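Residue numbers (the numbering used here), protein chains in the order written: chain C, 459 to 725; chain G, 459 to 725; chain R, 459 to 725. Even glycine gets a Cβ: it sits at the ideal position worked out from N, Cα and C. Please read these numbers as outputs of a predicted model, since none were measured by experiment. Worksheet: the structure to be examined is printed underneath.
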Amino acid sequence: MSQTILKYTIEDLESLRSKVPLVHNITNYVVMNNTANALLAIGASPIMAHAIEEVEEMVTICSATVINIGTLSEPWIQSMEKAAKKAVSLGKPLVLDPVGAGASNIRNAAIRRILDAGNPSIVRGNASEILSTLSSSGKTKGVDATDSSESAVETGKSLSKVTGGVVVISGATDYILKGTDSAQISNGDVLMTKVTGLGCTASALCGAFAAVQKDQFRAATSAMAVMGIAGELAKSKTSSPGSFQVAFLDALYELNADTIKQRLNAK
Amino acid sequence: MSQTILKYTIEDLESLRSKVPLVHNITNYVVMNNTANALLAIGASPIMAHAIEEVEEMVTICSATVINIGTLSEPWIQSMEKAAKKAVSLGKPLVLDPVGAGASNIRNAAIRRILDAGNPSIVRGNASEILSTLSSSGKTKGVDATDSSESAVETGKSLSKVTGGVVVISGATDYILKGTDSAQISNGDVLMTKVTGLGCTASALCGAFAAVQKDQFRAATSAMAVMGIAGELAKSKTSSPGSFQVAFLDALYELNADTIKQRLNAK
Amino acid sequence: MSQTILKYTIEDLESLRSKVPLVHNITNYVVMNNTANALLAIGASPIMAHAIEEVEEMVTICSATVINIGTLSEPWIQSMEKAAKKAVSLGKPLVLDPVGAGASNIRNAAIRRILDAGNPSIVRGNASEILSTLSSSGKTKGVDATDSSESAVETGKSLSKVTGGVVVISGATDYILKGTDSAQISNGDVLMTKVTGLGCTASALCGAFAAVQKDQFRAATSAMAVMGIAGELAKSKTSSPGSFQVAFLDALYELNADTIKQRLNAK
Numbered sequence: 459m460s461q462t463i464l465k466y467t468i469e470d471l472e473s474l475r476s477k478v479p480l481v482h483n484i485t486n487y488v489v490m491n492n493t494a495n496a497l498l499a500i501g502a503s504p505i506m507a508h509a510i511e512e513v514e515e516m517v518t519i520c521s522a523t524v525i526n527i528g529t530l531s532e533p534w535i536q537s538m539e540k541a542a543k544k545a546v547s548l549g550k551p552l553v554l555d556p557v558g559a560g561a562s563n564i565r566n567a568a569i570r571r572i573l574d575a576g577n578p579s580i581v582r583g584n585a586s587e588i589l590s591t592l593s594s595s596g597k598t599k600g601v602d603a604t605d606s607s608e609s610a611v612e613t614g615k616s617l618s619k620v621t622g623g624v625v626v627i628s629g630a631t632d633y634i635l636k637g638t639d640s641a642q643i644s645n646g647d648v649l650m651t652k653v654t655g656l657g658c659t660a661s662a663l664c665g666a667f668a669a670v671q672k673d674q675f676r677a678a679t680s681a682m683a684v685m686g687i688a689g690e691l692a693k694s695k696t697s698s699p700g701s702f703q704v705a706f707l708d709a710l711y712e713l714n715a716d717t718i719k720q721r722l723n724a725k
Numbered sequence: 459m460s461q462t463i464l465k466y467t468i469e470d471l472e473s474l475r476s477k478v479p480l481v482h483n484i485t486n487y488v489v490m491n492n493t494a495n496a497l498l499a500i501g502a503s504p505i506m507a508h509a510i511e512e513v514e515e516m517v518t519i520c521s522a523t524v525i526n527i528g529t530l531s532e533p534w535i536q537s538m539e540k541a542a543k544k545a546v547s548l549g550k551p552l553v554l555d556p557v558g559a560g561a562s563n564i565r566n567a568a569i570r571r572i573l574d575a576g577n578p579s580i581v582r583g584n585a586s587e588i589l590s591t592l593s594s595s596g597k598t599k600g601v602d603a604t605d606s607s608e609s610a611v612e613t614g615k616s617l618s619k620v621t622g623g624v625v626v627i628s629g630a631t632d633y634i635l636k637g638t639d640s641a642q643i644s645n646g647d648v649l650m651t652k653v654t655g656l657g658c659t660a661s662a663l664c665g666a667f668a669a670v671q672k673d674q675f676r677a678a679t680s681a682m683a684v685m686g687i688a689g690e691l692a693k694s695k696t697s698s699p700g701s702f703q704v705a706f707l708d709a710l711y712e713l714n715a716d717t718i719k720q721r722l723n724a725k
Numbered sequence: 459m460s461q462t463i464l465k466y467t468i469e470d471l472e473s474l475r476s477k478v479p480l481v482h483n484i485t486n487y488v489v490m491n492n493t494a495n496a497l498l499a500i501g502a503s504p505i506m507a508h509a510i511e512e513v514e515e516m517v518t519i520c521s522a523t524v525i526n527i528g529t530l531s532e533p534w535i536q537s538m539e540k541a542a543k544k545a546v547s548l549g550k551p552l553v554l555d556p557v558g559a560g561a562s563n564i565r566n567a568a569i570r571r572i573l574d575a576g577n578p579s580i581v582r583g584n585a586s587e588i589l590s591t592l593s594s595s596g597k598t599k600g601v602d603a604t605d606s607s608e609s610a611v612e613t614g615k616s617l618s619k620v621t622g623g624v625v626v627i628s629g630a631t632d633y634i635l636k637g638t639d640s641a642q643i644s645n646g647d648v649l650m651t652k653v654t655g656l657g658c659t660a661s662a663l664c665g666a667f668a669a670v671q672k673d674q675f676r677a678a679t680s681a682m683a684v685m686g687i688a689g690e691l692a693k694s695k696t697s698s699p700g701s702f703q704v705a706f707l708d709a710l711y712e713l714n715a716d717t718i719k720q721r722l723n724a725k
């Protein structure tokens, strides 16, 4: 398994860099700049566009759409619904990042509405967000909140059944789940939690890989591998969060087959 | 006084880092990323959320709310009013940063509406903004504009009487005022004025310290001390603003009792 | 010609740094922070304000207004129209950056509406955006899309006739065009395309120079010269995009008559 993930990650990154896919993002104000820069650094071409009048056109010209609910409001939710519906109708990859799921009613309602509009090919969040996303889907009852990885994995599998797509649970170990398939990436560094929006960047990278790799489970696995390895490369340069953010973008740009081989910790 | 501020700043920073308080921000588009990163770097946990449907929930789950009017529009003002009212009703710390007060009618009106909705436990701005905030409060007449620090201090004291809370006037020397209490922090570096949004960061740090230290005068003083010292540490690494911004975040993360002892210039 | 551009660029930069002009920006969420920091680094004073209630006041107190349609929506378009109209009525410099022109109907419509509200003294975009802007103006027929620089120049000249102002086409070589006048700047580095929003920064710098130099053709030429040289200075420090973005801001702050003399490649 580990050797397969290694091979796929290297191939997918090569493919991403040669195809330079357009990735459409409806994302939050906090991370727009970093997300766009991360997509450029890894080799994709970002478009950030949220107006309801243009989201369908943007979905159409892009190879994947990433929806992130970090700083939502009603007009943005409507655009997200429209984009999700269009992406699914065109059979294009759709990534959902349910930021802050569970923290407010409008976030839970937004998740429900987006899932109703179109099932994401990939949902990525932390354990708590994945749990709240499953609750918000309205397709489950009696979910117990928990922080343990094992329980999160069961929750993720349940959510995967609901959406029919991939679910990624980020953490010290990232779990990539779809149906009975699962992979684990244990790269990265705890300093990544001290920089805002690196989870959002992970979701954007899922979109970039999903744009060039039809197998969405494989695409999400490659994306999380690249995230974690870039985090380690950045940590090797600095131990403080300001310079880490800069070094992380550099690492996305610099990483190659050799660094992936040296560092990938997958199973 | 200087020894007391030193002791309190060190204690409050320790408390902040051990409690990791949730700080709710309704802030401007320009600084959202930096503000979130500054809060993470100092040891807090930021939430940026502005939708009117969720601000009350966010105020409730957070330990302090920071309102910054840098890029306002009518829907945001309504959310700010609602958040201010909720924070005051729950007895939670509320910080107001009246960015660009006096530059337009809508800014002055927004300040008036926010003050009417709930008195901030801390208002932080530069001399001109504090003056315009006092004018906008509708509780004063015949204020003369001035840039001298001494006059600004009198203005700040008047505003403190109006709000019943702390007023911080940022500048080469920061004045922290409440009723008859006052403190001065003379740390920092002029290069801080060449990076956008460091004033906004100061307000966010006031929120972080206010979240863990009930005495809002003491909290604001600790926040301004930490800001100024981090600015000096960053300046010791670089003399240009791009790398200064990065070094400043690193400094917030790295600063400790020793660096505070070495550098604090307070009275 | 080259010597004249050299002389003017140095003089205009000196003038900019001594006057510290207020530059009003209605720009996109992705680049607000970087744009504000670039304006500060070069020596201007940025104001980011988009509320329809205040844009006329902001145009009035500022020395130039920059409109950038990167992440537009209907309320923002209305503010842009109002700001454009006010700027032209006051005879103030107005810069338009038609980000993503041609990518959606609402972008093309927005460009048409802004041009109808007030002719920009400077339009800056890449070849494709300038072409779409000309199409959107409704003042031309049968424009053929092309990426060749020569054709782009003819398109730019046509757009200049429509607006009566300067048109800047960014690329490996930047073309600055107005009526029969033209200049070329061949500075910069390809790494600039791997950092989001450096085109937006170029437009903001056009605004800063336009604020202090009445001759808008000369102002735009100086701005593009400074952009390209700062890009080269940044490249001399790093070859990766994260640290490049930081080094670029440092370079804007550090560049002076000597570095301009050493590096300017203009004709």
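- In the three-state scheme derived from DSSP, where H, G and I count as helix and E and B as strand, Lys540 of chain R is classed as helix.
- Straight-line spacing of the CA atoms in Ser618 of chain G and Gly549 of chain G works out to 18 Å.
- At a cut-off of 7 Å between beta carbons, Gly700 of chain R contacts chain C.
- Cβ proximity to chain C below 9 Å picks out Asn486, Tyr487, Val488, Val489, Met490, Asn491 and Asn492 from the segment 475-492 of chain R.
- For Glu612 of chain G, the closest Cβ of chain C is not nearer than 7 Å.
- Comparing alpha carbon positions, the residue from G:Asp647, G:Trp534 and G:Pro504 closest to Lys695 of chain G is G:Asp647.
- If you check each beta-carbon in the segment 549-564 of chain C against every beta-carbon of chain G, the ones closer than 9 Å belong to Gly558, Ala561, Ser562, Asn563 and Ile564.
- With respect to chain R, the C-beta atom of Asn495 of chain C has a partner C-beta closer than 7 Å.
- Thr518 of chain R is outside the set of residues whose beta carbon lies under 7 Å from a beta carbon in chain C.
- Below 8 Å, too few C-beta pairs join the segment 690-708 of chain R and the segment 470-486 of chain R to call them touching: fewer than three.
- Around the CB of Glu539 of chain R, 16 or more other CB atoms lie within 10 Å, so the residue is classed as buried.
- Measuring C-alpha to C-alpha distances from Thr621 of chain R to each of R:Thr631, R:Lys597, R:Ser609 and R:Ile627 identifies R:Lys597 as the nearest.
- Residue state for Ala561 of chain C is assigned as coil, using DSSP reduced to three classes.
- C-alpha of Leu722 of chain G to C-alpha of Ser476 of chain R: approximately 33 Å in a straight line.
- When rounded, the separation of the alpha-carbon atoms in Gly686 of chain C and Asn584 of chain C is 15 Å.
- Interface flag for Lys652 of chain R against chain C is set, since a Cβ pair is found closer than 7 Å.
- Taken in chain order, the complete alpha helix (DSSP H) segments of 4 or more residues contained in the segment 623-708 of chain R are 656-670 and 674-693.
- Contact between Gly665 of chain R and Pro551 of chain R holds: their C-beta atoms lie close to 7 Å from each other, under 8 Å.
- Contact between the segment 514-526 of chain R and the segment 703-720 of chain G is absent: fewer than 3 CB-CB pairs across the two stretches fall below 8 Å.
- Taking a 10 Å sphere around the C-beta of Ile580 of chain R, we find 16 or more other C-beta atoms and assign the residue as buried.
- What Thr591 of chain C touches in chain G, judged by beta-carbon distance under 9 Å, is nothing: the nearest beta carbon there is about 17 Å away.
- The C-beta of Val684 of chain G comes no closer than 7 Å to any C-beta of chain C.
- From the listed residues C:Ala610, C:Leu464, C:Ser473 and C:Ser616, the smallest Cα separation to Ser628 of chain C is found for C:Ala610.
- For the segment 521-536 of chain G, the beta-carbon criterion of a distance under 8 Å to any beta-carbon of chain R is satisfied by Gly528, Thr529, Leu530, Ser531 and Glu532.
- Cβ neighbours of Val624 of chain R within its own chain (closer than 6 Å, five residues either side excluded): Ile580, Lys636, Gln674, Phe675 and Ala678.
- A direct Cα-Cα distance of roughly 44 Å separates Lys652 of chain G from Ile634 of chain C.
- CA-CA distance, Ser590 of chain C to Val489 of chain C, rounds to 22 Å.
- Excluding the 5 residues flanking it on each side, Thr523 of chain R has same chain C-beta neighbours closer than 6 Å at His482, Val517, Ala541, Ala545 and Leu552, in chain order.
- Going by C-alpha positions, Leu498 of chain G is about 11 Å away from Ala662 of chain G.
- Under the three-state reduction of DSSP output, Pro504 of chain C falls in the strand class.
- DSSP places Ala585 of chain C inside the alpha helix (DSSP H), whose first and last residues are Ala585 to Ser594.
- By the rule that beta-carbons nearer than 7 Å mark a contact, Val704 of chain C touches chain G.
- In the assembly as shown, Ala509 of chain C is a buried residue. Its beta-carbon has 16 or more other beta-carbons within 10 Å.
- The shortest CA-to-CA distance from Ala669 of chain R to any of R:Ile500, R:Val557, R:Asp639 and R:Asn563 is the one to R:Ile500.
- The C-alpha of Thr467 of chain C is placed about 44 Å away from the C-alpha of Leu530 of chain G.
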